[in-house]
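K.L.:
With the first letter of the sequence shown counted as 1, position 416 gets the number 418 in the working numbering; the numbers rise by one all the way through. Dumping the structure here so I can ask a few things about it.
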Amino acid sequence: MKHLIFPILFIFCINANAQIFRQNQQIGSDDGALAVQYYQDGDFEKASVILEKLLVNPANEGYFDLYFNSLLKLKKYDVAEKMIKKQMKQSPQSEVYPIALGKLYQEKGDVQNANKIFNEVIAKLPKDEFKIRMLANSFYRFENYDLAIQTFKQGRKLLDNNQLFAFELLNIYRFKKDKPMLMQEYLDVLDSMPQILPQAEAVLSNIFEDKTDYQTFQTGILKKMQKQPDAEIYVQLLTWNYIQQQEYDMALRQLIAFDKRTKADGGTLFNAIYTFVDNGAYETAIKAYDYLQTKGKDNQYYLPSKIESLNTKYSLQTKGKYNTTDLDLLAKDYQVLIDENGKNRNTLFAIKKLATLQAYYLNQPAKAEKGLEEALQIPGVNPQDIGQLKLDLGDVYILTNQPWEAFLVYEQVSKQFEGQAIGNEARFRSAKLSFYQGNFEYSNGQCLVLKAATSQLIANDALNLSLLITDNIQTPADSNALKMYADAEMLLFRNLPQQAVKKMDSIAIAYPQNSLTDAIMMSKAKIFINSGEYQKASEILKKVTEDFKDGIWTDDALFTLADLYEKKLNDIAQAKIYFQKLITDYPGSMFTAEARKRFRNLRGDGV
Numbered sequence: 003m004k005h006l007i008f009p010i011l012f013i014f015c016i017n018a019n020a021q022i023f024r025q026n027q028q029i030g031s032d033d034g035a036l037a038v039q040y041y042q043d044g045d046f047e048k049a050s051v052i053l054e055k056l057l058v059n060p061a062n063e064g065y066f067d068l069y070f071n072s073l074l075k076l077k078k079y080d081v082a083e084k085m086i087k088k089q090m091k092q093s094p095q096s097e098v099y100p101i102a103l104g105k106l107y108q109e110k111g112d113v114q115n116a117n118k119i120f121n122e123v124i125a126k127l128p129k130d131e132f133k134i135r136m137l138a139n140s141f142y143r144f145e146n147y148d149l150a151i152q153t154f155k156q157g158r159k160l161l162d163n164n165q166l167f168a169f170e171l172l173n174i175y176r177f178k179k180d181k182p183m184l185m186q187e188y189l190d191v192l193d194s195m196p197q198i199l200p201q202a203e204a205v206l207s208n209i210f211e212d213k214t215d216y217q218t219f220q221t222g223i224l225k226k227m228q229k230q231p232d233a234e235i236y237v238q239l240l241t242w243n244y245i246q247q248q249e250y251d252m253a254l255r256q257l258i259a260f261d262k263r264t265k266a267d268g269g270t271l272f273n274a275i276y277t278f279v280d281n282g283a284y285e286t287a288i289k290a291y292d293y294l295q296t297k298g299k300d301n302q303y304y305l306p307s308k309i310e311s312l313n314t315k316y317s318l319q320t321k322g323k324y325n326t327t328d329l330d331l332l333a334k335d336y337q338v339l340i341d342e343n344g345k346n347r348n349t350l351f352a353i354k355k356l357a358t359l360q361a362y363y364l365n366q367p368a369k370a371e372k373g374l375e376e377a378l379q380i381p382g383v384n385p386q387d388i389g390q391l392k393l394d395l396g397d398v399y400i401l402t403n404q405p406w407e408a409f410l411v412y413e414q415v416s417k418q419f420e421g422q423a424i425g426n427e428a429r430f431r432s433a434k435l436s437f438y439q440g441n442f443e444y445s446n447g448q449c450l451v452l453k454a455a456t457s458q459l460i461a462n463d464a465l466n467l468s469l470l471i472t473d474n475i476q477t478p479a480d481s482n483a484l485k486m487y488a489d490a491e492m493l494l495f496r497n498l499p500q501q502a503v504k505k506m507d508s509i510a511i512a513y514p515q516n517s518l519t520d521a522i523m524m525s526k527a528k529i530f531i532n533s534g535e536y537q538k539a540s541e542i543l544k545k546v547t548e549d550f551k552d553g554i555w556t557d558d559a560l561f562t563l564a565d566l567y568e569k570k571l572n573d574i575a576q577a578k579i580y581f582q583k584l585i586t587d588y589p590g591s592m593f594t595a596e597a598r599k600r601f602r603n604l605r606g607d608g609v
């Protein structure tokens with residue numbers, strides 16, 4: 003745990019003056035508090051008068067920094083020099099006072115004498131890890147960051163260990179925004195400390211400004227790989243570097259080359275593919291899974307790769323505008339997998355995916371219904387999976403014009419899993435079905451029950467639906483407009499987005515004074531997001547946040563907009579703006595906690 007000493011001191015130094023007061027407040031607490039107040043108010047003259055008196059008592063030497071800085075602010079260099087030399091006599095072993103004297107000479111412009119003192123102090127460094135850290139920390143507290151770095155590097159030589167003080171140096175380089183040295187330090191220590199790879203990626207992505215930075219870093223990684231071709235950590239780092247530049251195929255090429263060179267089993271590559279999928283690089287992920295399958299059926303990653311390849315194709319082919327022919331082939335691939343391995347717990351995922359394709363993309367809801375009903379008869383399936391199968395089946399019953407069967411299934415699940423997330427989901431689906439049918443009072447009653455749900459997402463969705471209903475059933479015209487909107491939502495449920503948009507657009511024509519504008523805009527934004535038209539979605543969401551500041555969808559719009567900028571439009575600055583606006587303007591929103599977490603991560607806090 004020794005390496006933690008400097009980071010703690012590092013934090014201490016940022017606000018040393020206030021810390022010093024708190025540590026010494028028991029001695030001359032009233033005078034000390036007054037001195038600190040004067041100092042913080044910028045009244046250094048009054049602060050220095052009190053601090054001079056306090057420092058008469060050696061027990062109060064913790065106030066040294068405050069007094070010294072006050073004198074520097076007042077340019078009372080002679081007084082400061084006299085005070086420092088007095089302290090040096092009282093504590094000849096302390097390295098703080100010589101460094102302070104050097105800092106004083108720097109302030110006066112006497113660089114030669116300042117450097118002489120600093121070099122003498124560093125030259126006397128003992129082979130003592132703790133004392134090296136303390137000296138470097140003393141340089142840091144007087145803002146001599148380069149000398150703190152020099153001290154650590156000299157310490158490495160003395161102790162013959164180039165891995166020492168890595169955390170301390172990384173902290174200083176990051177504080178200085180010294181990108182070249184930060185890059186080099188990570189490259190030098192990652193081989194011996196691979197556990198800090200996530201930290202390195204987070205810090206560098208925060209400090210890198212453009213592609214040039216990534217290309218410079220790439221050059222450094224490749225040099226390391228030339229010397230250590232079998233070091234997996236550098237392959238992982240290079241893969242990350244390519245992914246940051248959205249050069250997914252280049253990342254895959256490196257991973258395959260490493261796998262072949264080391265005659266590996268494919269584990270490193272298999273684990274890396276999830277990153278491609280998370281970034282929407284589905285084609286690259288499929289290529290990777292195809293390569294792993296060439297290793298043969300005896301390889302442990304053969305079947306998982308085959309399964310994940312199908313799932314990735316599913317994500318790719320159901321995104322946006324889909325091709326029915328491709329989806330039909332994909333459905334056949336799922337059917338082959340089921341036929342080869344049987345209908346059991348292990349193939350349940352394939353059965354559900356196949357049912358979704360049949361129900362929502364291939365216009366075969368009857369086949370989906372039959373497949374899900376048969377899946378419910380599979381022995382050994384756990385209750386949660388049975389519950390989810392029933393919910394999926396209830397949805398399909400709606401598509402096959404059996405709403406009463408859907409209600410019964412939803413009711414079964416809500417009672418069996420009362421108070422649990424899946425039970426609340428069943429109740430909400432029942433409420434949505436009532437909404438689609440125009441039974442607004444019953445739907446609203448279900449939503450009011452769900453407002454107290456333990457699942458915050460369900461509670462929020464229920465609240466929004468309840469408010470939507472309540473706000474739009476005041477007059478017959480309102481109710482009729484809401485019925486048209488419910489019809490449009492039903493079309494969306496059936497995966498008919500173009501028809502849904504036409505229906506929504508017709509509401510304003512039939513009922514010009516309706517109050518559904520923000521709800522319609524949110525629905526359209528989600529349609530554009532699903533079709534990959536992110537810029538169009540962002541424009542609509544911005545209008546929601548600007549024109550409906552007190553609307554029920556505004557916090558949702560802000561979070562969705564920030565998420566789009568972060569993950570799809572690659573504009574971190576805009577993402578931070580909208581996360582911050584959500585945090586500031588809507589502190590009670592269910593999205594606020596996640597927005598705060600995401601904002602801090604984008605800002606680089608806690609890394």
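Each residue gets a CB set at the ideal place from its N, CA and C atoms; glycine is no exception.
Between residue 240 and residue 220, is the Cβ-Cβ spacing less than 8 Å?
P.N.:
Looking up residue 240 in the sequence shown gives position 238. Looking up residue 220 in the sequence shown gives position 218. In this structure, residue 220 lies closer than 8 Å to residue 240 by Cβ.
K.L.:
How many Å lie between residue 191 and residue 235 at the Cα?
P.N.:
One-based indexing of the sequence shown puts residue 191 at position 189. One-based indexing of the sequence shown puts residue 235 at position 233. Each residue's Cα considered, the two are about 11 Å apart.
K.L.:
Note down, in chain order, each residue of its chain lying with its Cβ closer than 8 Å to the Cβ of residue 590, except the 5 sequence neighbours on either side.
P.N.:
The residue you call residue 590 lines up with position 588 of the sequence shown. Excluding residues within five positions, none has a Cβ falling inside 8 Å.
K.L.:
Quick one: complete alpha helix (DSSP H) runs, 4+ long, within the segment 395–452?
P.N.:
Listed in chain order, the complete alpha helix (DSSP H) runs (minimum 4 residues) inside the segment 395–452 are 405–418, 423–438 and 442–452.
K.L.:
Starting from residue 583, follow the alpha helix (DSSP H) in both directions and report where the run begins and ends.
P.N.:
By one-based count along the sequence shown, residue 583 stands at place 581. Start and end: 574–587.
K.L.:
Contact check, residue 593 vs residue 561 under 8 Å by CB: the rounded distance?
P.N.:
The sequence position of residue 593 within the sequence shown is 591, counting from 1. The sequence position of residue 561 within the sequence shown is 559, counting from 1. Correct: roughly 4 Å between the Cβ atoms.
K.L.:
For residue 361, which of 604, 326, 505 and 158 has the nearest alpha-carbon?
P.N.:
As a position in the sequence shown, residue 361 is number 359, starting the count at 1. The option with the nearest alpha carbon to residue 361 is 326.
K.L.:
Do you know offhand how far residue 262's Cα is from residue 312's?
P.N.:
Here residue 262 refers to the residue found at position 260 of the sequence shown. Here residue 312 refers to the residue found at position 310 of the sequence shown. The straight-line gap from Cα to Cα measures roughly 24 Å.
K.L.:
Can residue 345 and residue 377 be called in contact, C-beta distance under 8 Å?
P.N.:
Along the sequence shown, read from residue 1 onward, the residue named residue 345 stands at position 343. Along the sequence shown, read from residue 1 onward, the residue named residue 377 stands at position 375. Yes, Cβ-Cβ distance for residue 345 and residue 377 is below 8 Å.
K.L.:
Jot down the residue ranges of each uninterrupted alpha helix (DSSP H) in the segment 273–359, minimum 4 residues, whole runs only, in chain order.
P.N.:
Runs found: 284–295, 304–319 and 326–343.
K.L.:
CA-CA distance, residue 479 and residue 472?
P.N.:
If you number the sequence shown from 1, residue 479 lands on position 477. If you number the sequence shown from 1, residue 472 lands on position 470. Roughly 14 Å between the two C-alpha positions.
K.L.:
What first and last residue would you give for the alpha helix (DSSP H) that runs through residue 157?
P.N.:
Translated into positions along the sequence shown, residue 157 becomes position 155. 147–161 is the extent of the alpha helix (DSSP H) around residue 157.
K.L.:
Taking residue 602 as part of the alpha helix (DSSP H), name the residues at either end of that continuous run.
P.N.:
Reading the sequence shown from its first residue, position 600 is the one you call residue 602. From DSSP, the alpha helix (DSSP H) with residue 602 extends over 594–605.
K.L.:
Under DSSP, the alpha helix (DSSP H) around residue 501 begins and ends at which residues?
P.N.:
Looking up residue 501 in the sequence shown gives position 499. Element bounds for residue 501: 499–512.
K.L.:
Rounding to the nearest angstrom, what Cα-Cα distance links residue 537 and residue 527 in this structure?
P.N.:
For the purposes of this step, residue 537 is taken as residue 535 along the sequence shown, with counting starting at 1. For the purposes of this step, residue 527 is taken as residue 525 along the sequence shown, with counting starting at 1. Whole-angstrom Cα-Cα distance: 10 Å.
K.L.:
Which residue wins for smallest C-alpha separation from residue 524, given the options 546, 517, 513 and 514?
P.N.:
For the purposes of this step, residue 524 is taken as residue 522 along the sequence shown, with counting starting at 1. Looking at the Cα atoms, 546 is the closest of the given residues.
K.L.:
Measure the alpha-carbon distance for residue 519 versus residue 512 and round it to whole angstroms.
P.N.:
By one-based count along the sequence shown, residue 519 stands at place 517. By one-based count along the sequence shown, residue 512 stands at place 510. One C-alpha to the other measures close to 13 Å.
K.L.:
Is the separation between the beta-carbon of residue 284 and that of residue 331 shorter than 8 Å?
P.N.:
Residue 284 sits at position 282 when you count from the first residue of the sequence shown. Residue 331 sits at position 329 when you count from the first residue of the sequence shown. Not closer than 8 Å, so no.
K.L.:
Quick one: residues in its chain with C-beta nearer than 8 Å to the C-beta of residue 79, no 5 flanking neighbours on either side, listed in chain order?
P.N.:
For the purposes of this step, residue 79 is taken as residue 77 along the sequence shown, with counting starting at 1. Once the five neighbours on either side are set aside, the close Cβ partners of residue 79 are 73, 106, 109 and 110.
K.L.:
Considering only their Cβ atoms, is the gap separating residue 204 from residue 188 smaller than 8 Å?
P.N.:
Translated into positions along the sequence shown, residue 188 becomes position 186. Translated into positions along the sequence shown, residue 204 becomes position 202. The answer is no: Cβ separation not under 8 Å.
K.L.:
Since residue 563 and residue 588 should fall inside the 8 Å C-beta cutoff, what is the C-beta to C-beta distance between them, to a whole number of angstroms?
P.N.:
In the sequence shown, counting from the first residue as 1, residue 563 sits at position 561. In the sequence shown, counting from the first residue as 1, residue 588 sits at position 586. Going by Cβ atoms, the distance from residue 563 to residue 588 rounds to 13 Å, so no, they are not a contact pair.
K.L.:
Taking residue 271 and residue 305 to be in contact with their CB atoms under 8 Å, please state how far apart those CB atoms are, rounded to whole angstroms.
P.N.:
As a working note, residue 271 is residue 269 in the sequence shown. As a working note, residue 305 is residue 303 in the sequence shown. Actually they are not in contact, since the Cβ atoms of residue 271 and residue 305 sit about 16 Å apart, beyond 8 Å.
K.L.:
Check whether the Cβ atoms of residue 85 and residue 69 sit closer than 8 Å, and answer yes or no.
P.N.:
In the sequence shown, residue 85 corresponds to position 83, counting from 1. In the sequence shown, residue 69 corresponds to position 67, counting from 1. Cβ atoms of residue 85 and residue 69: closer than 8 Å.
K.L.:
With a Cβ-Cβ cutoff of 8 Å, do residue 568 and residue 577 count as a contact?
P.N.:
Working through the sequence shown from its first residue, we reach residue 568 at position 566. Working through the sequence shown from its first residue, we reach residue 577 at position 575. Going by C-beta atoms, residue 568 is nearer than 8 Å to residue 577.
K.L.:
Put residue 193 into one of helix, strand or coil per three-state DSSP.
P.N.:
In the sequence shown, counting from the first residue as 1, residue 193 sits at position 191. Looking at residue 193 - three-state DSSP - the assignment turns out to be coil, as it is neither helix nor strand.
K.L.:
Compute the distance between the beta-carbons of residue 475 and residue 430, then report whether it is under 8 Å.
P.N.:
For the purposes of this step, residue 475 is taken as residue 473 along the sequence shown, with counting starting at 1. For the purposes of this step, residue 430 is taken as residue 428 along the sequence shown, with counting starting at 1. Not closer than 8 Å, so no.
K.L.:
Please determine, among 101, 182, 129 and 181, the residue with the shortest C-alpha to C-alpha distance to residue 149.
P.N.:
If you number the sequence shown from 1, residue 149 lands on position 147. Residue 149 has its Cα closest to that of 101, out of 101, 182, 129 and 181.
K.L.:
What residue from 427, 209 and 112 has the CA that sits closest to residue 603's CA?
P.N.:
What you label residue 603 is simply residue 601 of the sequence shown in a count that begins at 1. The option with the nearest alpha carbon to residue 603 is 209.
K.L.:
Report yes if the CB atom of residue 350 is closer than 8 Å to the CB atom of residue 397, and no otherwise.
P.N.:
Here residue 350 refers to the residue found at position 348 when the sequence shown is read from its first residue. Here residue 397 refers to the residue found at position 395 when the sequence shown is read from its first residue. Their beta carbons are not under 8 Å apart, which means residue 350 does not touch residue 397 by this criterion.
K.L.:
Using the Cβ count rule (16 or more neighbours within 10 Å means buried), how would you classify residue 296?
P.N.:
On the sequence shown, position 294 is the one that residue 296 refers to. By the 10 Å Cβ count, residue 296 comes out exposed.
K.L.:
Could you give the distance in angstroms between the alpha-carbon of residue 464 and the alpha-carbon of residue 380?
P.N.:
Along the sequence shown, read from residue 1 onward, the residue named residue 464 stands at position 462. Along the sequence shown, read from residue 1 onward, the residue named residue 380 stands at position 378. Each residue's Cα considered, the two are about 33 Å apart.
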